[in-house]
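Residue numbers (our numbering): 140 to 381. Idealized CB from N, CA, C, for every residue including glycine. Computed from a predicted structure; not experimentally measured. The structure appears right after this line, and notes come after that.
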Amino acid sequence: MPVSVQAIPCLSDNYAWALQDAATGTTAICDPGEAGPIIAALEAMGGRCDLILLTHHHGDHVGGVEEVRARFGARVVGAKADAHRLPRLDAALAPGEKVVVGATEGVVIDTPGHTVGHIAFHFPEGHVLLCGDTLFSLGCGRLIEGDAGMMFRSLAALSALPDATLVCCGHEYTESNARFALTVEPENAALVARAAEAKAQRAAGKFTVPTTMAEEKATNPFVRAKDVARLAEIRSAKDNFR
Numbered sequence: 140m141p142v143s144v145q146a147i148p149c150l151s152d153n154y155a156w157a158l159q160d161a162a163t164g165t166t167a168i169c170d171p172g173e174a175g176p177i178i179a180a181l182e183a184m185g186g187r188c189d190l191i192l193l194t195h196h197h198g199d200h201v202g203g204v205e206e207v208r209a210r211f212g213a214r215v216v217g218a219k220a221d222a223h224r225l226p227r228l229d230a231a232l233a234p235g236e237k238v239v240v241g242a243t244e245g246v247v248i249d250t251p252g253h254t255v256g257h258i259a260f261h262f263p264e265g266h267v268l269l270c271g272d273t274l275f276s277l278g279c280g281r282l283i284e285g286d287a288g289m290m291f292r293s294l295a296a297l298s299a300l301p302d303a304t305l306v307c308c309g310h311e312y313t314e315s316n317a318r319f320a321l322t323v324e325p326e327n328a329a330l331v332a333r334a335a336e337a338k339a340q341r342a343a344g345k346f347t348v349p350t351t352m353a354e355e356k357a358t359n360p361f362v363r364a365k366d367v368a369r370l371a372e373i374r375s376a377k378d379n380f381r
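Structure (structure tokens):
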């Protein structure tokens, strides 16, 4: 593969994601919410971080930026629309613009809903999608700033990516998302199997992500919602689910 991706757990349930270009060793980190574990992981990978990619401005995704930047001299890139509330950016990117990690090229995708300035990064050659808090395994982000129409369009854009795309999301939410998803589609055999798999993975101390776009299209009730109204209904139910 031209680029490898590795999950780095931080805070209580966040994941940062490290990308490393095979040809050059160039390394990027996406959404460093906490500096300590991320710096340790980067040191173990070779002691470099050339680029920091930010999907949105929330503290649990940007809290470690300044320490990581200072330690490695990394450049920081994020959404142009959110530059005013992100850490200082070296490059402010608009949807459709390119981002390069060594010899590996990615593209910025506009994914509002959780926040209005949220973006994702897709690296087609490596089948890697860094989607922050827009798409989760078996779920989607809360509509903190955006609305159901925004989220529906964002999920549609992501679900149009190839089935083999690795969904590298910002949190370990799969097991709790599965409990809710089963109330929406209790007869979905693929979902029942995925819920059991996630439970076993967590019991064994394993990560449940990345998942794939094919898996999400088969099991995720938010991705499977047929229209905005249905997505809004499911999101409201999830917000009140205990």
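When the Cα of G132 is compared with those of A368, Y154, Q159, F380, which residue comes out closest? Absent from the structure is residue 132, since the part of the chain shown begins at 140 and ends at 381.
- Query: Mapping DSSP to helix, strand and coil, what is A334?
  - Reply: DSSP places A334 in helix when its eight states are reduced to three.
Tell me N135's beta-bridge partners as DSSP assigns them.
Residue 135 lies beyond the stretch modelled for the chain, which goes from 140 to 381, so this question has no answer here.
- Is the Cβ-Cβ distance between D272 and G309 less than 8 Å? By the CB criterion at 8 Å, D272 and G309 fall inside the cutoff.
Checklist entry - chain D beta carbons: is any one of them nearer than 8 Å to that of L232? => result The question asks about chain D, but that chain is absent: this structure has only one protein chain.
_According to DSSP, is F380 part of a helix, a strand, or is it coil?_
Of the three classes helix, strand and coil, the one that applies to F380 here is coil, per DSSP.
From the DSSP output, in three-state form, read off G256 for me.
Three-state result, G256: coil.
Requested in this report: Evaluate P251 with the Cβ neighbour count: other Cβ atoms within 10 Å of its Cβ, from every protein chain shown; 16 or more gives buried, anything less gives exposed.
Outcome: Looking at its Cβ environment, which holds 16 or more other Cβ atoms inside 10 Å, P251 is buried.
Name the DSSP bridge partner or partners of G271?
Per DSSP, C308.
Problem - For P234 and V247, the rounded distance between their alpha carbons - result: Here the alpha carbon of V247 sits roughly 5 Å from the alpha carbon of P234.
**OP:** Would you kindly work out how many angstroms separate the C-alpha atoms of D190 and R214, rounded to a whole number?
**Re:** A quick correction: the sequence has Leu, not Asp, at residue 190. Distance from the CA atom of L190 to the CA atom of R214, rounded to whole angstroms, is 5 Å.
Nearest candidate by alpha-carbon position, reference M140, set F262, F346, T313, L282: Considering only F262, F346, T313, L282, the residue with the shortest C-alpha distance to M140 is F262.
* To do: Please say whether P171 and G203 have beta carbons closer to each other than 8 Å?
  => Their beta carbons are under 8 Å apart, which means G203 touches P171 by this criterion.
Would you decide whether R227 is buried or exposed? Buried here means 16 or more other CB atoms lie within 10 Å of its CB. Exposed, because fewer than 16 other Cβ atoms sit within 10 Å of the Cβ of R227.
Taking C-beta to C-beta, are I373 and V306 nearer than 8 Å? No; because the gap between Cβ atoms is not below 8 Å, this pair is not in contact.
Would you say E244 touches the ligand HEM, meaning its beta carbon is less than 7 Å from a heavy atom? Of ligands this structure carries none, so the ligand HEM is not represented either.
Would you report the Cα separation of E236 and R281, rounded to the nearest angstrom? Going from the Cα of E236 to the Cα of R281 covers about 26 Å.
message: Looking at V122: is its Cβ nearer than 8 Å to the Cβ of L192?
response: Since the first residue shown for the chain is 140 and the last is 381, residue 122 is missing from the structure and cannot be characterised.
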